[in-house]
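Colleague:
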Amino acid sequence: MIAAVMLMPAPAAAAALSPLLLQRVHWTEDAWVAIRVPQNGAEIPSGQNLTVEVEYSGAWGTYRFGRSQQAVEDEIETIELFMNGSSIATERVSSSHGTVSFMIPHQSFPDDGMTLQARAYSRVPLSLSSRSFFRGRFHDNQQIVESEEVRVVFAQTPPSPSASDNLLVNGGFESGLDPWIFQNWPDRGTATVTGSAGEFKEGDSGLRVDITNPDVYWMVQVRQELSFSPREYTLSFWAKAASQRTIIINAHEEGTWTNLGLWQEPVIATGWTFYTYRFTPGMSTNNGQLVFNMGTSSETVWLDGVTLTALGSQPPPPPPPPPVSPGILSVSAYATTPVAGMLPANADGLTVGVLGLMAQDEAVRLERLSVRMNPVNGGGPDQLDKLWLSDGIKSVGITPVSSDVDGPMQVVFDMSADPFLVPVNAFLLLTLKVDTANIDRSNNSKGYSGEGFKLDIRSTDDVTVTGSETGLRPVVVGTPNFNEFTVYRSVPIADVLNPRVTVPLSGNGVYDLFRFTVSANPKGPIGLYKLTFGVFPTTVNVSGFELWDSSYSTAPVATNDAVAAGSSASVLEFLFDTDGNGTGNGGEFREVPAGATRTYTLKGTVAGFSPNSSPFNGITTVLAGDMAFPSPVMQSAAGIDAGDQDDFIWTDFSHTIQYNTSTATNTAEWTNGRRVQGLPSTTSTAQAI
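Encoded structure:
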C-alpha cells in the first residue's frame, strides 16, 4: 500500500494543516493508496519539522502460496516513506496493524512543495478484505490533522505468487537439498534440510548450516547455478542465526568469478527475519551462481523461502548487422578423393570423388551443382545407372541420359527445394558416388568394358549458392577435378607376396624369384593371358625359368630364356600357352573364378654361384605393369600382345556367349594392366634374394 500527500510551502503567516483526503486507490506493483490535498494545498509553518504517522491495518483472510491455501492475517512487514519519488526512510514492523512515525526535518522541505508516499510491503499479496486500510496523520508539533479512514479496494485481483515466478528451484528446501550445492572445504561444516520446530519459516522444512571450523567466507557456502541476463532481479529470503552474525551473499559467473551486481553482507538476527535485495547484472551468462557464504563464523544459520524473481528485462542487444558484401565459398577436391581406378559393373554406391566446400563470412546454401562427365576411352553416361551426391545423411541422385556424344556431358544436381548448408570456416564434405551399369556385350548391354569417365566442375558458374544471411551469391573459388575411372564386367586385384619361401642364395639350384596373387572380383571371373617380369642377377647366371600356378597340377609354364650375370635389362614374357611355342592361340589362358584367388610363383635355376663373390650373389625380380591404355582399349589377346603396352594381358569375359575355351582369346574382350589394383604402372616393388 502507498499513501501519498501533496504538501506546499508555508506562507508568511503560520496556518494549521488542512484535512487530508484519501481520494484514489488502485493496484500497481504493490497495493498503494494515492492521497492528495485539496486544490488550495496544505501549508507548513516555516522552520517546523514535520512528523508523519502512518497507521496501517491488514485483515484476516485467505491466500494461496504454493500448493497450500492458508487462513492468516495479512502480515505487513515493512513501511517505507518516499518524498518526491525517492525513499527517505524505512521502518520494519512485525504485525498486521499498527502505527509508525517518520520525522522529516524542515531543512529537507523542497521549495516547490513535496509529495509524500508510504508503501507497505507484505510477504504475501494483501487480501481483498474490506478491513485493510491506510491512514496518515501529519502534524507540525502544534496540531494533529488526521485523514479520514479509507478502505483499501483493489482495481483488479493482485497476482498470486507462483512457482514459475521463482527462478530458483526448491527455494524452500521442500524437496531436500538438490539442486542446491553445499560447499564444505574441507570438512568445515554440515548442511541439513530439517523439518524440526523452529527450524523452518514456511512450508514443512528449511535449511540448517552448522559451521564447525570457520575460516574464509567462501569455504562454507550454499549455492545454486542458473543463467542471468542484464535485467533487474529481486532476491528475498528468510534467515536467522544462533547468535547475531554476518553472512555474504553474492552472484557471480563461474570460472571468471565476474560479479553480477550482487554483493551484500547482511547481519543475521536471532529471530526469523525477511531480507530483500535488488540487483542488475551487467552481462548475460549461462554459468551464473547465486551464493550464500557462511564460512567466517561458527554460528549456525537457518535459511528458508529463498526466491529470485525478475522484475523487468532489458531488451537483448540487437543482432549484428548482416555482412554488406557477399561471402566466399571455396570448392575443392578433398584429400579423401579416391585415386584413379577400375570399377566392377552392376555395383552400387562406389565413391569416385569427395567434394570439399567451405564458406567464409556467412553460411551458404548449395542449391544446384553442375558436374561435367568427361569421356575416358570413349565412355560416358552409358557406363552408369545413377550418379549420387551425398552428405552422409541426405542423397540427391541423377540418372544420366544415354548418349552417343563423344565429348563431355553436363549433369545437374538440383537441391533448390532442400539445399545443402555449407557452414562458416568448416568443411562440408559431399561424396560423389555411382551405380555402375551392366556390361554384357553378348546381350547388347549399354555399358562397354574398358570405357569410363572423369568428373570435374568446369566453372564457378556451375555452382549455384546463396548466402544464408545476405541472400547474396558468394564469390565461388575453385574448379575441382576428380580422377579417371573405367568400368569392367569384373576386375582383377594383384598382390605382391614375400618371395622368400626358401632360404636366400646359398649355392647353385632352383629358387623362388617372385611370388604374387591375382584375385577376381565377386562380380565375375577374369582370365590371364600374359605376365611379364624383369630379372636382374648380380654375379650368378639364371635360366630354366618356370611360372607355377597354384590352381593347376600340370606342369608349369616354361620359357627357354636365360639371364646372364650383370644383365641390365632382362625381360621375361610368359604366355599361358599349352604347347610351349610362345604364341597365343584360342583357349590359351588361365581363369580365376569370381571371388577366387590364385598364387603365382616365378622360379629360376641358378648357376655360377661363388661364396666369395663381390658384389654379393643376388637376384632382383620385378613384375611389370603398363603405363597407358591400349587403343582401342579392348581387343583380342593377340591384338593387345602386338602393341607396346602389353606386359599384363587379362580379360573380364564381357562377351558371355563367346566365353569358352576355344574362342575367348580371339574376342575383343582383352586389355592390358593399366590401373589394375596392386599392379604398378611400370614395375612392381623389386623382390631380391
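Oh and the sequence shown: position 239 is 236 in this note's numbering, straight run, nothing missing.
In this text, a Cβ means the ideal position worked out from N, Cα and C, and glycines have one as well.
Per DSSP, Val351 is paired with what?
Modeller: One-based indexing of the sequence shown puts residue 351 at position 354. DSSP output for Val351 lists Thr428 as bridge partner(s).
Colleague: Starting from Gly531, trace the beta strand (DSSP E) in both directions and tell me its first and last residue.
Modeller: Position 534 of the sequence shown holds residue 531. Per DSSP, Gly531 belongs to the beta strand (DSSP E) from Ile523 to Pro534.
Colleague: In the DSSP output, which residue or residues are listed as bridge partners for His249?
Modeller: One-based indexing of the sequence shown puts residue 249 at position 252. According to DSSP, which records beta bridges pairwise, His249 is partnered with Asn256 and Gln286.
Colleague: In or out: Ser607 buried (at least 16 other Cβ within 10 Å) or exposed?
Modeller: Within the sequence shown, the letter at position 610 stands for residue 607. So Ser607 ends up on the exposed side.
Colleague: Figure out for me which residue from Leu502, Ala491 and Ala423 has the closest Cα to the Cα of Arg512.
Modeller: Within the sequence shown, residue 512 is the residue found at index 515, counting from 1. When each option's Cα is compared against that of Arg512, the closest is Ala491.
Colleague: Whose C-beta lies closer than 7 Å to the C-beta of Ser224 among residues of the same chain, with five residues either side of it excluded?
Modeller: For this step, residue 224 is matched to residue 227 along the sequence shown. Excluding sequence neighbours, Ser224 sits near Thr282, Asn283 and Gly285.
Colleague: Under a Cβ-count criterion, where at least 16 other Cβ atoms within 10 Å of its own Cβ denotes burial, should Pro627 be classed as buried or exposed?
Modeller: Position 630 of the sequence shown holds residue 627. Buried, by the Cβ-count rule.
Colleague: For Gly464, which of Gly475, Gly541, Thr476 and Arg362 has the nearest alpha-carbon?
Modeller: For the purposes of this step, residue 464 is identified with residue 467 of the sequence shown, where counting begins at 1. Cα-wise, what sits closest to Gly464 is Arg362.
Colleague: Does the Cβ of Met355 have 16 or more other Cβ atoms within 10 Å, making it buried, or fewer, making it exposed?
Modeller: Within the sequence shown, the letter at position 358 stands for residue 355. So Met355 counts as buried.
Colleague: Can you list, in chain order, the residues of its chain with a C-beta nearer than 8 Å to that of Gln218? Leave out the 5 residues immediately preceding and following it.
Modeller: Translated into the one-based positions of the sequence shown, residue 218 becomes position 221. Same-chain partners within the cutoff: Phe179, Gln180, Val288, Phe289, Asn290, Met291 and Gly292.
Colleague: To the nearest whole angstrom, what separates the beta carbons of Phe170 and Ser193, a pair I think is in contact under 8 Å?
Modeller: Here residue 170 is taken as the residue at index 173 of the sequence shown, counted from 1. Here residue 193 is taken as the residue at index 196 of the sequence shown, counted from 1. Incorrect: roughly 13 Å between the Cβ atoms, too far for contact.
Colleague: So is Trp182 buried or exposed if we call it buried at 16+ other beta carbons inside 10 Å?
Modeller: As a working note, residue 182 is residue 185 in the sequence shown. That one is exposed.
Colleague: In chain order, what residues of the same chain lie with their CB nearer than 8 Å to the CB of Leu165, ignoring the 5 residues before and after it?
Modeller: Counting from 1 along the sequence shown, the entry for residue 165 is found at position 168. Taken in chain order, the residues that qualify are Gln221, Leu223, Leu287, Val303, Thr304 and Leu305.
Colleague: Use the C-beta contact count for Met624: other C-beta atoms within 10 angstroms, 16 or more gives buried, fewer gives exposed.
Modeller: Reading the sequence shown from its first residue, position 627 is the one you call residue 624. It is exposed - the Cβ of Met624 has fewer than 16 other Cβ atoms within 10 Å.
Colleague: Counting C-beta neighbours from all protein chains within 10 Å, is the total for Asp644 16 or more, i.e. buried, or is it exposed?
Modeller: Numbered from 1 along the sequence shown, position 647 holds the residue referred to as residue 644. Buried is the call here.
Colleague: The alpha helix (DSSP H) that contains Gly636, what's its start and end?
Modeller: Numbered from 1 along the sequence shown, position 639 holds the residue referred to as residue 636. From DSSP, the alpha helix (DSSP H) with Gly636 extends over Ala634 to Asp638.
Colleague: From the DSSP output, read off the bridge partner residues of Trp395.
Modeller: Within the sequence shown, the letter at position 398 stands for residue 395. Residue 395 is actually Ile in this sequence, not Trp. Beta-bridge pairing links Ile395 to Leu384.
Colleague: Considering only the alpha carbon of each residue, which of Pro416, Leu174, Gly350 and His652 lies closest to Gly521?
Modeller: Here residue 521 refers to the residue found at position 524 of the sequence shown. Of the listed residues, the one whose Cα sits closest to Gly521 is His652.
Colleague: In this structure, does DSSP put Tyr331 in helix, strand or coil?
Modeller: The count along the sequence shown starts at 1 and reaches residue 331 at position 334. Coil, per DSSP.
Colleague: In whole angstroms, what is the alpha-carbon distance linking Val515 and Arg438?
Modeller: Walking along the sequence shown from the start, residue 515 turns up at place 518. Walking along the sequence shown from the start, residue 438 turns up at place 441. Roughly 24 Å separates the two Cα atoms.
Colleague: Inspect the CB distances between the stretch 329 to 336 and the stretch 370 to 387 and report whether three or more fall short of 8 Å.
Modeller: Flag = no, the stretch 329 to 336 and the stretch 370 to 387 do not touch.
Colleague: Can the beta-carbon of Tyr508 be found closer than 8 Å to that of Gly605?
Modeller: If you number the sequence shown from 1, residue 508 lands on position 511. If you number the sequence shown from 1, residue 605 lands on position 608. No, Cβ-Cβ distance for Tyr508 and Gly605 is not below 8 Å.
Colleague: Give the DSSP bridge partners of Ser225, in chain order.
Modeller: Counting from one through the sequence shown, the residue named residue 225 turns up at place 228. Inspection of the sequence shows that residue 225 is occupied by Phe rather than by Ser. Looking at the DSSP assignment, Phe225 forms a beta bridge with Thr282.
Colleague: In whole angstroms, what is the alpha-carbon distance linking Trp647 and Leu599?
Modeller: Numbered from its first residue, the sequence shown carries residue 647 at position 650. Numbered from its first residue, the sequence shown carries residue 599 at position 602. Cα-Cα distance, rounded: 18 Å.
Colleague: Thinking Arg365 and Ser413 are a contact (beta carbons under 8 Å), I'd like their distance in whole angstroms, please.
Modeller: Here residue 365 refers to the residue found at position 368 when the sequence shown is read from its first residue. Here residue 413 refers to the residue found at position 416 when the sequence shown is read from its first residue. Their Cβ separation, rounded to whole angstroms, is 6 Å, which keeps Arg365 and Ser413 in contact under 8 Å.
Colleague: Determine the extent of the beta strand (DSSP E) in which Ile616 is found, giving its start and end residues.
Modeller: If you number the sequence shown from 1, residue 616 lands on position 619. Counting along the chain, the beta strand (DSSP E) containing Ile616 begins and ends at Ile616 to Leu620.
Colleague: How big is the Cα-Cα spacing for Asn505 and Asp546?
Modeller: Here residue 505 refers to the residue found at position 508 when the sequence shown is read from its first residue. Here residue 546 refers to the residue found at position 549 when the sequence shown is read from its first residue. Using only the alpha carbons, I get a separation of about 24 Å.
Colleague: Can you tell me which of the three DSSP states Pro323 falls into?
Modeller: Residue mapping note: residue 323 aligns to position 326 of the sequence shown, counting from 1. Three-state DSSP puts Pro323 in coil, outside helix and strand.
Colleague: Apart from the five residues just before and just after Phe162, which ones in its own chain have a Cβ nearer than 7 Å to its Cβ?
Modeller: Within the sequence shown, the letter at position 165 stands for residue 162. The residue asked about is misnamed: residue 162 is Asp in this sequence, not Phe. Only Thr306 meet the Cβ criterion.
Colleague: Just the Cα atoms here: how many angstroms apart are Thr348 and Asp388?
Modeller: By one-based count along the sequence shown, residue 348 stands at place 351. By one-based count along the sequence shown, residue 388 stands at place 391. If you take the alpha carbons of Thr348 and Asp388, they lie about 12 Å apart.
Colleague: Give me the residue from Val537, Phe197, Val473 and Glu588 with the minimum Cα distance to Lys527.
Modeller: Working through the sequence shown from its first residue, we reach residue 527 at position 530. Comparing Cα-Cα distances from Lys527 to each of Val537, Phe197, Val473 and Glu588, the minimum goes to Glu588.
Colleague: Would you list the one or two residues that DSSP bridges to Phe482?
Modeller: As a working mapping, residue 482 is identified with position 485 in the sequence shown. Beta-bridge pairing links Phe482 to Gly338 and Phe450.
Colleague: To which residues of the same chain is Gln674 closer than 8 Å at the C-beta, ignoring the five residues directly before and after it?
Modeller: By one-based count along the sequence shown, residue 674 stands at place 677. Answer for Gln674: Gly338, Met339, Val488, Pro489, Ile490 and Ala491, listed in chain order.
Colleague: To the nearest angstrom, report how far apart Glu543 and Thr483 are at their CA atoms.
Modeller: Walking along the sequence shown from the start, residue 543 turns up at place 546. Walking along the sequence shown from the start, residue 483 turns up at place 486. Looking at the two C-alpha atoms, the distance is approximately 33 Å.
Colleague: Tell me, to the nearest whole angstrom, how far the beta carbon of Gly475 is from that of Phe424; I am working on the premise that it is less than 8 Å.
Modeller: Here residue 475 is taken as the residue at index 478 of the sequence shown, counted from 1. Here residue 424 is taken as the residue at index 427 of the sequence shown, counted from 1. Wrong, their Cβ atoms sit about 13 Å apart, outside the cutoff.
Colleague: Note down, in chain order, each residue of its chain lying with its Cβ closer than 6 Å to the Cβ of Tyr274, except the 5 sequence neighbours on either side.
Modeller: For the purposes of this step, residue 274 is taken as residue 277 along the sequence shown, with counting starting at 1. So the list reads Leu232 and Gln261, once near-sequence residues are dropped.
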